[in-house]
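Colleague: Numbering (the numbering used here), first residue to last: 314 to 583.
Where is the CB? At the ideal position from N, CA and C, for every residue including glycine.
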Amino acid sequence: MDVAEQKNLDSQQNLSNEDAVKESSSPTDKHEDFSSTTSETTSSICLGEDAFDKVMPLCDVACIVSTPTGKVLKCRTKYIGLHSKSILLLEMPMVSPQEKSIFMRQGYPLKACVISSKGEGARVYFKTKIEYVLSGGDTDLLLVTLPSATQVVVGLRESARLEINLDGFLEPSDKKYPCQVRDISHQGCLIVVDRDKVSYRIGSLISLNICSSNKDVPIVDETLQAMVKNISKIGRYYKYGVKFEEESLESVDSLIEGLNFCALQQRFTL
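Printed below as a string of structure tokens:
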């Protein structure tokens, strides 16, 4: 990399650690189960396309939009995906019609922090500008320029999550609600369940059995106990991020040690 390219990266990145803390302290991530106090984080400069290649759709985004007159709007939204024309697609932030008309304008600068839930967890900090605002019925999209460089902070969790897709049952000794476990770590997992089946709150204690291909046979004999740490609603489903209780950690470790990575499916299987 020559000097000119390095200067361009530095000017595009230009988000101090203090700015990063301010932006990521919004309610967007206050319930995320990151154990940053006990894990080592590392920060690096990455090209925009490399950073967003590892960000899953519907990850949380904290934004700061500025007008030429110095007005500032802090808001939250969701990341949708990456367009082939070097454009990032975001959901329209939950703002009032007046705020939308004042701040959501083409060319206005935007600072943002995307929270990625993959692996050890990461925050992607970047500067960009609004390219388009697309409106269609009740759905609006915010299109912003793909940044040439980003600051990526990885290692937000104490242990990395492994991508899986296993069947399970919530409250197996009583209601036996069917669910799916989408990823897992030593500390917790992500549970997807039909909205008509259950409705937990932050702090709720749950019981979980994770099953093998034979859906009636649990992988581990013990019923796992966990606490709900974060909740998201997508279509017909609730997604619950849960943290395992201390008495279940040994059984969880036994389950994880039995997983094998499938290169074809690009996830861990039994």
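To the nearest angstrom, report how far apart V374 and V427 are at their CA atoms.
Modeller: The straight-line gap from Cα to Cα measures roughly 4 angstroms.
Colleague: Helix, strand or coil: which one does DSSP assign to A364?
Modeller: Residue state, collapsed to three classes: helix.
Colleague: List, from N- to C-terminal side, the beta strand (DSSP E) runs of 3 residues or more that fit wholly inside the region 541 to 566.
Modeller: The qualifying runs are 550 to 557.
Colleague: According to DSSP, is S414 helix, strand or coil?
Modeller: Helix.
Colleague: Look at the alpha carbon of Q500 and the alpha carbon of V385, and state the distance between them as a whole number of angstroms.
Modeller: If you take the alpha carbons of Q500 and V385, they lie about 38 angstroms apart.
Colleague: Could you say which of T355, K556 and K489 lies nearest to C524 if we only look at CA atoms?
Modeller: Out of T355, K556 and K489, K489 has the C-alpha closest to the C-alpha of C524.
Colleague: Report buried or exposed for T441, applying the criterion of at least 16 other Cβ atoms within 10 angstroms of its Cβ.
Modeller: When all chains shown are included, T441 counts as buried.
Colleague: For L568, which three-state DSSP category applies?
Modeller: Of the three classes helix, strand and coil, the one that applies to L568 here is helix, per DSSP.
Colleague: Run through the DSSP bridge pairs and tell me what V511 is partnered with.
Modeller: None, per the DSSP bridge assignment.
Colleague: What whole-angstrom Cβ distance do I504 and L572 have, given they're in contact under 8 angstroms?
Modeller: 17 angstroms between Cβ atoms; not a contact.
Colleague: Taking DSSP's pairing of strands, which residues face H396 in a bridge?
Modeller: The partner list for H396 (beta bridge, DSSP) reads I400.
Colleague: At the level of alpha carbons, what is the spacing between L456 and F365?
Modeller: So the alpha carbons of these two residues sit roughly 14 angstroms apart.
Colleague: Which residues share a DSSP beta bridge with P422?
Modeller: DSSP, once it has assigned bridges, lists K442 as partnering P422.
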